[in-house]
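Undergrad: There's a structure below that I have some questions on.
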Amino acid sequence: MTAPARTMRAAVITAPRQVELRELPEPHAGPGEVRIRVHATGVCGTDLHLLDGHFGARFPLTAGHEISGFVDEVGPGVLNLREGDLVALDPNLWCGQCHYCQRGQFQHCEHHTALGVNLPGGFAEYVVAPAVSVYPASGLTPDQAAFAEPLGCVAWGMRRLRPEIGASAVVFGAGAIGLLLMQGLLASGCAGVTVVDPVEDRLRLARELGASRTFTPHADLRSELLDANPHGFDVTAEATGVPAVVQGLPALTAVGGQVLVFGVAPEDAHVQLRPYDLFQRDLTVLGSFALNATVPLALDWLRAGRVRVEPLITHRLPLSGVPDALDMKANPGFQGAQKVLIVPGL
Ligand SMILES: [Zn+2]
Ligand SMILES: [Zn+2]
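Residue numbering for the sequence shown follows UniProt numbering, beginning at 1 and increasing consecutively.
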């Protein structure tokens, strides 16, 4: 008789808007893979879209893609990782064979899959990942390592933007991503970053993390911002996904400046831009999608203390807290939530 298979706990989305704590068979590392005992998984807007059945979600799904943990099983052919290593994950998996992969645009892979999106993710005790997507995170705390993915997205945004040394910047949105973006801009050479958000507590945190000025949105915001920066900002960026915010950015951008669209807007949203304005003032509008080989930069920012993430962690919940965590995500500012970490060991 074979021994009964061991099981692990996982918070599983079983149908739209339904999460259940389930016992699932423990996964094992195959060739080129490692198994990770999950330390923490950050909750993100993407998880909310998946909960609603968007982003091509197929149920049952163990969501969670901002994962840190410890290697506890190493498959054959793994070269660089050992049992016990603290690691951070890039949840995006790619084929290496398609048009985009062969040009190094891995996050646009035609056969893209992702842990926690269409493969089992981090709202579980264990997750299995290909070693190519697993990054040693020595020198960090396990909580810090859980920020590798969202901060890796910011790092990709900075690789796209390459701000001028000493640039002035404004960021709309002081949620967790907005505050990572603000710190990424400062770590990439911006001299000062102004932050706009309706929630005063978030603005206080923004100032604590290095924002030079903060504003709440109101009818006169534009003139107030331009009073403070009469020639506009060299970089205007948003981490809101709100189309009206995107539409307002060019008017705040300095001659020769850059507009960074970083938030996830509704897929069918449109904004109006004045082409003459882009032309006549030498403006650049940039998008930035996901991350591409930028986890190492994110980890270096954390190691060097250039980006601080501990103040962003407002809640640490066990697996049974996944439904509450998603509720907080659905109601921005609710219970002062910034980054909520799911910690299976709690
Ligand atoms: Zn995310
Ligand atoms: Zn590919």
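We put the beta carbon where it would ideally sit given N, CA and C, even for glycine.
Nothing here was measured: the structure is a model prediction, and the numbers come from that model.
Is Glu-66 near ligand 1, judged by its Cβ being under 8 Å from some heavy atom?
TA: Yes, since a heavy atom of ligand 1 falls inside the 8 Å radius drawn around the Cβ of Glu-66.
Undergrad: Tell me, to the nearest whole angstrom, how far the beta carbon of Asp-234 is from that of Gly-257; I am working on the premise that it is less than 8 Å.
TA: 5 Å
Undergrad: My guess is that Pro-250 and Leu-283 are in contact by the Cβ rule of under 8 Å, so how many angstroms apart are they, rounded?
TA: 6 Å
Undergrad: Could you say which of His-315, Leu-203, Leu-317, Trp-301 lies nearest to Glu-149 if we only look at CA atoms?
TA: Trp-301
Undergrad: Nearest by alpha-carbon distance to Ala-187: which of Ala-298, Asp-324, Arg-9 is it?
TA: Ala-298
Undergrad: Taking the alpha-carbon positions, what's the Gly-139 to Pro-91 distance?
TA: 21 Å
Undergrad: Hey, out of Val-128, Val-245, Gly-184, Val-285, whose CA is closest to Val-34's CA?
TA: Val-128
Undergrad: Does any heavy atom of ligand 2 sit closer than 8 Å to the C-beta of Gly-96?
TA: Yes, Cβ of Gly-96 sits closer than 8 Å to a heavy atom of ligand 2.
Undergrad: In this structure, how does DSSP classify Val-285 when only helix, strand and coil are distinguished?
TA: It is a strand residue.
Undergrad: What residue from Leu-181, Val-38, Val-261 has the CA that sits closest to Gly-287's CA?
TA: The option with the nearest alpha carbon to Gly-287 is Val-261.
Undergrad: Just to confirm the assignment, what range does the alpha helix (DSSP H) spanning Tyr-276 have?
TA: 275-280
Undergrad: Would His-218 be called buried (16 or more neighbouring beta carbons within 10 Å of its own) or exposed?
TA: exposed
Undergrad: Taking only runs that begin and end inside the stretch 234-272, name each unbroken alpha helix (DSSP H) of 4 or more residues, in chain order.
TA: 243-248
Undergrad: Does the stretch 49-57 come close enough to the stretch 157-164 to have 3 or more Cβ pairs within less than 8 Å?
TA: no
Undergrad: Look at Gln-105 and Leu-291 and say whether their C-beta atoms are less than 9 Å apart.
TA: Contact flag unset, no.
Undergrad: Taking the DSSP output, what are the residues bridged to Arg-103?
TA: Bridge partners of Arg-103: none, in fact.
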